[in-house]
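A short worksheet on the structure shown next.
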Ligand SMILES: [Fe+2]
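Residue numbers (this note's numbering): 2 to 348.
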């Protein structure tokens, strides 16, 4: 028995209550730490097991998994970590808990802009950070990120915190395109167009459009699907009905996209199966299941987006590499503080 299996055994016993059924530990398995919710990934994992015979064990948590892998060190049972956002993917690399994925299958399926040049993270699906606009109060059907700083939007924009990973990714992409000085100017302009201090999540901003507090908000695409289909909280369907999606910069460089993706754990006890899983997730079949369950965009060229996602408009993704965006995240975060973005408009 490998030493890592011992750790795996203890860990998965403890968490058995949180998962549907715990398969017996055997060589044919892979241990998945996931920030992505079980309902999202289970259909994929079922398909993976069916195709390969490899069993999957999942530990889901909302935070702390990277740190946990780090603390577990060489005895970590984790084979892969599933997460969202370049900030967290690159963060895992910086934390030193990853190893490069070396796979021709993955390299063929996933375009280079969505992979770490050194292979430490692999993008699996795309989400775009776009503009939600009031159907009633916003006439235009196109927009640019640059235009969000135009005084014509004064008091009309809502957004979540400037320090949230999603916002940082967008600001980092602005730095990559325009440099730090111009991005700072832009950020000041956007700040002064805010209707209120940044607060709440992406959906809370759409609610604010619905209630008339603002006309535009910045948000990720898939939240439109989550609101449109929300049976638990049907009011969200009304929020969704009050807005249209504008895909910024469609006519020039394209809209900022970010990733959901995977890393291979540095001490993966089932490395071969982990690579098998990553290869499977990069394939068209899996991409489609993933994209349809969470209203995301497949990263594999040629895989269709779902009809619902298509109905929101056409996405032209910015081709900037996510590794380039990752490089500017720190500066982006510093700019947010420097301009006091989260304090709202200066005047
Ligand atoms: Fe999200």
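The beta-carbon is built from N, C-alpha and C at its ideal position, and this holds for glycine as well. A quick note: this is a predicted structure, and the numbers were derived from the prediction, not measured.
- Annotated as proximal: residue 262 and residue 84, with beta-carbon spacing under 8 Å.
- Counting only the Cα atoms, residue 270 lies some 18 Å from residue 50.
- Per DSSP, the unbroken beta strand (DSSP E) holding residue 30 starts and ends at 30 to 35.
- The alpha-carbon of residue 72 is positioned some 34 Å away from that of residue 222.
- For the pair of segments examined, the region 208 to 219 was found to touch the region 134 to 146: the number of CB pairs separated by less than 8 Å reaches three.
- At least one heavy atom of ligand 1 lies less than 7 Å from the C-beta of residue 85.
- A distance of 8 Å or more separates the beta carbons of residue 133 and residue 79.
- The closest heavy atom of ligand 1 lies less than 7 Å from the beta carbon of residue 221.
- CA-CA distance, residue 209 to residue 343, rounds to 17 Å.
- By the Cβ test, the region 245 to 257 is not in contact with the region 293 to 309, since fewer than three Cβ pairs between them sit closer than 8 Å.
- Nearest in C-alpha terms to residue 174, of all of 341, 321, 340, 335, is 321.
- Closest by C-alpha distance to residue 130, out of 318, 346, 55, is 318.
- Excluding its 5 nearest sequence neighbours in each direction, residue 274 has C-beta neighbours in its own chain below 6 Å: 31, 55, listed in chain order.
- Per DSSP, residue 40 is one residue of the alpha helix (DSSP H) stretching across 39 to 53.
- Sequence-distant partners of residue 285 (beyond 5 residues in either direction) whose C-beta falls short of 6 Å from its own C-beta, in its chain, are 301, 304.
- Between residue 163 and residue 86, the C-beta gap is not smaller than 8 Å, which leaves the two residues out of contact.
- In the structure shown, residue 334 adopts helical secondary structure according to DSSP, grouped into three states.
- DSSP, reduced to helix, strand and coil, places residue 271 outside both helices and strands of the structure shown, so it counts as coil.
- Proximity of the region 175 to 186 to the region 200 to 209 falls short of the contact definition, fewer than three beta-carbon pairs being nearer than 8 Å.
- Straight across, the Cα-Cα distance linking residue 291 with residue 128 is about 12 Å.
- For residue 161, there is no enclosing beta strand (DSSP E), since its DSSP letter is neither H nor E.
- Here the alpha carbons of residue 123 and residue 109 stand approximately 12 Å from one another.
- Membership of residue 184 in the alpha helix (DSSP H) is indicated by the continuous run 181 to 193.
- With respect to residue 340, residue 183 sits apart: the two C-beta atoms are not nearer than 8 Å.
- Residue range 56 to 61 is occupied by the beta strand (DSSP E) that includes residue 61.
- The residue among 94, 299, 278, 187 with its C-alpha nearest the C-alpha of residue 57 is 278.
- The alpha carbon of residue 334 has as its nearest neighbour, out of 53, 181, 81, 150, the alpha carbon of 181.
- For residue 92, the enclosing alpha helix (DSSP H) stretches over residues 87 to 96.
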